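Asks: Mapped onto numbering that gives the first Met the number 0, the consecutive letters of the sequence shown carry residue numbers 0 to 230.
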Amino acid sequence: MSTPPLTGGSGWPTIEQAVQTLSQSDPKLAQQLQQALPQASPRLAAAMMAFTHALRSGDPRSWPGEPVVKGLEKANSKLAKQLGDDLSEMANRSADASKGEWRAFTLPFSNGQEIEKIQLYVHKDPQEEENSEARPKEDGARFLIDLDLSRLGPLQMDGYVVSKSRRFDLILRTEQPMEREVRMNVLAMFNNAIDALGLTGTASFLVTQQFVRPQLSRPETAGVGLSGLVV
Numbered sequence: 000m001s002t003p004p005l006t007g008g009s010g011w012p013t014i015e016q017a018v019q020t021l022s023q024s025d026p027k028l029a030q031q032l033q034q035a036l037p038q039a040s041p042r043l044a045a046a047m048m049a050f051t052h053a054l055r056s057g058d059p060r061s062w063p064g065e066p067v068v069k070g071l072e073k074a075n076s077k078l079a080k081q082l083g084d085d086l087s088e089m090a091n092r093s094a095d096a097s098k099g100e101w102r103a104f105t106l107p108f109s110n111g112q113e114i115e116k117i118q119l120y121v122h123k124d125p126q127e128e129e130n131s132e133a134r135p136k137e138d139g140a141r142f143l144i145d146l147d148l149s150r151l152g153p154l155q156m157d158g159y160v161v162s163k164s165r166r167f168d169l170i171l172r173t174e175q176p177m178e179r180e181v182r183m184n185v186l187a188m189f190n191n192a193i194d195a196l197g198l199t200g201t202a203s204f205l206v207t208q209q210f211v212r213p214q215l216s217r218p219e220t221a222g223v224g225l226s227g228l229v230v
């Protein structure tokens, strides 16, 4: 049986095995699963939203979709059950926090060579958080993603999404300035992503040693190992 993704380590064996299994039994479904994974592409934000929505909806089977789940059940029922158990466990650990509290999600991330785990923090009332930059005074959701990149070093993505006005603003914090070419590539990916989602917004870059450190109401969700990602 595969090791559940919340028990340490940086890989995600269950999803990797699911991709390998479907590659042999149904390559089209394997491709669908791979495309559903968050990765460094214009669809990163959409893929992350789809995954977290599945956890919050209480229906983990909605990710990566019923056809993929049924195909995996047909090819390897034990592996399909393990994947479902993994997602259900995460859904339970990511139960709704009270207003003004952070909550943590563990997300899969495909770096092109393997599937790793990254930690996503979501806050329901970002205006109340200390150390936050100026934000629109509308109800929305703030999220943080901390990465340790092989070329850029520590990077924090600090996003703010307002559903009502369909706006998405993003701050990228780094300890060292990004090269101009890297910034332009990031901006292009961001603009492509919000255009595809029908959103408006801006992305900005902040060089600082002071990253936002969320205080979790459920400390047990913070024990997931994070990986260094190559970009």
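Using N, Cα and C, we set each Cβ at its ideal position, and we do this for glycine too.
Computed from a predicted model, the values in this text were never measured in an experiment.
Provide the residue span of the beta strand (DSSP E) that contains R179, from first to last.
Replies: Segment 179-196 is the alpha helix (DSSP H) holding R179; no beta strand (DSSP E) there.
Asks: Taking the alpha carbon of P198 as the reference point, which residue from L119, F189, F204 has its own alpha carbon closest?
Replies: What sits at residue 198 in the sequence shown is Leu, not Pro. Comparing Cα-Cα distances from L198 to each of L119, F189, F204, the minimum goes to F189.
Asks: Closer than 7 Å by C-beta to T20: which residues in its own chain qualify, once you throw out the five before and the five after it? Chain order, please.
Replies: Excluding positions up to five away in sequence, the list reads L71, A74, N75, L78.
Asks: Do you know whose CA, among R42, Q112, T173, K80, lies nearest R150's CA?
Replies: T173
Asks: Tell me which residues share the same chain as T207 and place their Cβ nearer than 6 Å to its Cβ, disregarding the 5 neighbours each side in the sequence.
Replies: R172
Asks: Enumerated in chain order, which unbroken segments of the alpha helix (DSSP H) with a length of 4 residues or greater are wholly contained in the stretch 41-125?
Replies: 43-56, 65-74, 76-92
Asks: Using the beta-carbon count (16 or more within 10 Å), is R212 buried or exposed?
Replies: Flag for R212 reads exposed.
Asks: Going by Cα to Cα distance, which pick from W11, H122, G152, L154 is closest to G139?
Replies: Comparing C-alpha distances from G139 to each of W11, H122, G152, L154 shows the shortest one belongs to H122.
Asks: At which residues does the alpha helix (DSSP H) containing T20 begin and terminate?
Replies: 12-24
Asks: Return the chain-ordered list of same chain residues with a C-beta closer than 6 Å to the C-beta of W101, the five sequence neighbours on each side being excluded.
Replies: Non-local C-beta neighbours of W101 in its own chain, meaning closer than 6 Å and more than five positions away in sequence, comprise Y120, H122, P213, L215, ordered along the chain.
Asks: The beta strand (DSSP E) spanning T173 covers which residue range?
Replies: Residues 166-173.
Asks: Is DSSP giving F205 helix, strand or coil here?
Replies: First, the residue type needs correcting, since residue 205 is Leu and not Phe in the sequence shown. Three-state DSSP puts L205 in a strand.
Asks: Check whether the Cβ atoms of G83 and Q31 lie closer than 8 Å to each other.
Replies: In this structure, G83 sits away from Q31, with a CB-CB distance that is not shorter than 8 Å.
Asks: Within the same chain, show all residues whose beta-carbon is closer than 6 Å to that of L36, passing over the 5 residues directly before and after it, in chain order.
Replies: P107, S109
Asks: Should F210 and Q155 be called a contact, given that it needs their Cβ atoms to be closer than 8 Å?
Replies: yes
Asks: Would you please state the rounded distance, in angstroms, between the beta carbons of A90 and L54? I believe it to be under 8 Å.
Replies: 4 Å
Asks: Within its chain, find whatever has a CB closer than 8 Å to the CB of Q38; leave out the 5 residues flanking it on each side and keep chain order.
Replies: Excluding residues within five positions, the ones whose Cβ falls inside 8 Å are A46, F108, S109, N110, G111.
Asks: Look at the alpha carbon of P26 and the alpha carbon of E15, and state the distance between them as a whole number of angstroms.
Replies: 14 Å
Asks: Around the C-beta of G158, are 16 or more other C-beta atoms found within 10 angstroms, so that it is buried, or is it exposed?
Replies: buried
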